[in-house]
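Accompanying notes for the structure given below.
In the numbering used here, the protein residues as written are 287 to 561.
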């Protein structure tokens with residue numbers, strides 16, 4: 287038996303088991319098991335120490351993404367730059383390598399919706415997920431970044447990091463979550479939690495022809511997504527981000543390319559949506 291799992295606190299809501307198990311079934315991979323475990327930061331070291339050689343990889347959700355870096359033998363460049371790892375891959379020597387597939391997840395979700403490389407982007411929220419989103423936006427071609435968050439100090443910190451990270455962001459601005467001042471942004475990424483969704487939805491301008499990615503995948507369409515669609519935006523569900531980051535984890539864990547269609551259908555079924 288070969289094993290993988292998602293760790294975090296809380297973790298019961300995670301769709302990762304549904305996605306990975308669907309991938310195993312679609313490819314006929316026998317002897318693979320994917321589970322979940324509720325693990326807090328204080329218990330991560332003990333949990334890792336208890337995993338035997340059958341374990342091939344771990345998906346990490348909050349609050350473990352930053353803490354996991356301390357337990358890796360090698361940290362990928364993207365995880366180091368993001369300051370967070372959502373993936374631990376078992377090494378031949380029994381240790382773990384850390385990487386970040388959230389960046390690939392955002393790129394994979396947005397790229398098919400973009401007619402041309404974007405140059406201006408707006409990120410709503412300034413938490414850990416926002417940093418990975420900024421790296422992905424820079425990879426897609428963004429050079430001008432606006433960060434809006436209730437905590438403008440955190441937004442300023444995120445923008446300062448983006449300008450200093452050497453990823454291609456050259457200009458930027460910071461504001462609170464008041465109504466959007468401009469509709470010139472090619473891409474808008476919302477990382478705000480569901481509790482703030484109604485407030486953010488009220489800030490969406492009446493007309494906007496850009497692309498919105500809302501990283502939330504439950505309760506779709508979210509209030510932000512509904513408002514953006516009404517404004518004329520092309521809207522991308524957080525399930526697409528989850529799917530593409532999970533597909534990269536699937537490849538790292540199993541050595542096989544992920545069957546995206548089967549995994550997407552499983553995610554939609556798990557959410558109670560038509561596939």
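Where a beta carbon is used, it is the ideal one built from N, C-alpha and C, also for glycine. Just so you know, these numbers come straight off a predicted model, no measurement behind them.
Next on the checklist: Is residue 531 a contact residue of the ligand NAP, with contact defined as CB to any heavy atom under 7 Å?
Outcome noted: This structure lacks the ligand NAP; in fact it carries no ligand of any kind.
Checklist entry - Just how far apart, CA to CA, sit residue 358 and residue 374? => result To locate residue 358, count along the chain shown from 1; it is residue 72. To locate residue 374, count along the chain shown from 1; it is residue 88. Taking the straight line from one Cα to the other gives about 8 Å.
Checklist entry - If you compare alpha carbons, which of 559, 464 and 532 is closest to residue 309? => result Taking the first residue of the chain shown as 1, we reach residue 309 at position 23. When each option's Cα is compared against that of residue 309, the closest is 532.
Next on the checklist: Please tell me whether residue 485 and residue 463 are closer than 8 Å, where the distance is taken between their beta carbons.
Outcome noted: On the chain shown, position 199 is the one that residue 485 refers to. On the chain shown, position 177 is the one that residue 463 refers to. It is a contact, given that the beta carbons lie within the stated cut-off.
Item to check | Minimum C-alpha distance to residue 448 - residue among 340, 429 and 466 | outcome: By 1-based counting over the chain shown, the position of residue 448 is 162. The residue with the shortest Cα to Cα distance from residue 448 is 429.
Next on the checklist: Using a Cβ distance threshold of 8 Å, determine whether the region 475-485 contacts the region 350-367, with at least three qualifying pairs required.
Outcome noted: no
Item to check | Any 3 or more C-beta pairs closer than 8 Å across the region 416-428 and the region 386-399 | outcome: The region 416-428 is in contact with the region 386-399.
Next on the checklist: Can you find the residues in the same chain that come closer than 7 Å, C-beta to C-beta, to residue 351, ignoring five residues on each side of it along the sequence?
Outcome noted: Here residue 351 refers to the residue found at position 65 of the chain shown. 370, 371, 372 and 414, listed in sequence order.
Checklist entry - Should residue 504 go down as buried or exposed, given a rule of 16 or more other Cβ atoms within 10 Å for buried? => result For the purposes of this step, residue 504 is taken as residue 218 along the chain shown, with counting starting at 1. With fewer than 16 Cβ atoms within 10 Å of its Cβ, residue 504 is classed as exposed.
Checklist entry - Quick one, are the C-beta atoms of residue 495 and residue 405 less than 8 Å apart? => result Position 209 of the chain shown, counted from the start, is the residue given in the question as residue 495. Position 119 of the chain shown, counted from the start, is the residue given in the question as residue 405. Not closer than 8 Å, so no.
Checklist entry - residue 456: which of 488, 432 and 378 sits nearest, CA to CA? => result On the chain shown, residue 456 is found 170 positions in, with the first residue counted as 1. If we check each option's Cα against that of residue 456, 432 comes out closest.
Item to check | residue 553 in three-state terms, based on DSSP | outcome: Along the chain shown, one-based indexing puts residue 553 at 267. In the structure shown, residue 553 sits in a helix (DSSP, three-state: H, G or I).
Checklist entry - For residue 430, which residues does DSSP report across the bridge? => result Numbered from 1 along the chain shown, position 144 holds the residue referred to as residue 430. Beta-bridge pairing links residue 430 to 406 and 457.
Item to check | CB contact flag (residue 492, residue 517, <8 Å) | outcome: By 1-based counting over the chain shown, the position of residue 492 is 206. By 1-based counting over the chain shown, the position of residue 517 is 231. Note that the C-beta distance between residue 492 and residue 517 is below 8 Å.
Item to check | Residue range of the alpha helix (DSSP H) that includes residue 334 | outcome: Within the chain shown, residue 334 is the residue found at index 48, counting from 1. Where residue 334 is concerned, the enclosing alpha helix (DSSP H) stretches over 330-335.
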